[in-house]
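**Q**
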Amino acid sequence: MQDADDVSIPADVEEKLLRFARAGLAVASMKGKSYLSVGGVSMGIAGSIVDHNFFESWLGMKVQAVDMTELRRRIDQKIYDEAELEMALAWRIKLPLR
1 MQDADDVSIP
11 ADVEEKLLRF
21 ARAGLAVASM
31 KGKSYLSVGG
41 VSMGIAGSIV
51 DHNFFESWLG
61 MKVQAVDMTE
71 LRRRIDQKIY
81 DEAELEMALA
91 WRIKLPLR
């Protein structure tokens, strides 16, 4: 609580408002995009199972799941855009290893 004439925003409230705004911007930027889950199905890792309903209902994203064998097939049969692959590999090189 604060006095009625005090227009300052407490630090904890400021942080909560900023988090809420950032979350809203993140959701807005993801809406209409797709999430691709790769390999989790075949590995059977329960923690990597994607909740399709959450992504579709709350984030407005489509969800697709691809098994690693599908990636292998596409690589073997050269079913991919070479320019897109080069761009992805260049992006990966820029990422710091943890």
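Count the sequence shown with the UniProt record's numbering and you get residues 1 to 98, in order. No residue lacks a Cβ here, since even glycine has one placed at the ideal position from N, Cα and C. Bear in mind that the values here come from a model prediction, so they are computed numbers and not experimental data.
1. Measuring only the C-alpha atoms, how far is Val13 from Lys78?
2. At the level of alpha carbons, what is the spacing between Arg92 and Glu82?
3. Report the start-end ranges of each beta strand (DSSP E) in the UniProt domain "L-fucose isomerase N-terminal-2" (33-92) that is 3 residues or longer and not cut off at the edges.
4. Within the same chain, show all residues whose beta-carbon is closer than 6 Å to that of Lys62, passing over the 5 residues directly before and after it, in chain order.
5. If you compare alpha carbons, which of Asp51, Tyr80, Met68 is closest to Gly60?
6. I'd like to know whether the C-beta atoms of Leu85 and Val66 end up nearer to each other than 9 Å.
7. What are the boundary residues of the alpha helix (DSSP H) that Asp12 is part of?
8. With a CB to CB cut of under 6 Å and the five nearest residues on each side skipped, what residues in its chain are close to Tyr80?
**A** Let me lay it out:
1. Along the sequence shown, one-based indexing puts residue 13 at 13. Along the sequence shown, one-based indexing puts residue 78 at 78. Looking at the two C-alpha atoms, the distance is approximately 53 Å.
2. Residue 92 sits at position 92 when you count from the first residue of the sequence shown. Residue 82 sits at position 82 when you count from the first residue of the sequence shown. Each residue's alpha carbon lies about 15 Å from the other.
3. Counting only runs of 3 or more, we get 34-38, 62-66.
4. As a working mapping, residue 62 is identified with position 62 in the sequence shown. Only Ser34 meet the Cβ criterion.
5. Counting from one through the sequence shown, the residue named residue 60 turns up at place 60. With respect to the C-alpha of Gly60, the residue from Asp51, Tyr80, Met68 having the closest C-alpha is Asp51.
6. In the sequence shown, residue 85 corresponds to position 85, counting from 1. In the sequence shown, residue 66 corresponds to position 66, counting from 1. No, they are not a contact pair.
7. Taking the first residue of the sequence shown as 1, we reach residue 12 at position 12. Asp12 -> alpha helix (DSSP H) spans 11-30.
8. By 1-based counting over the sequence shown, the position of residue 80 is 80. Within the same chain, Tyr80 has close Cβ partners Arg74.
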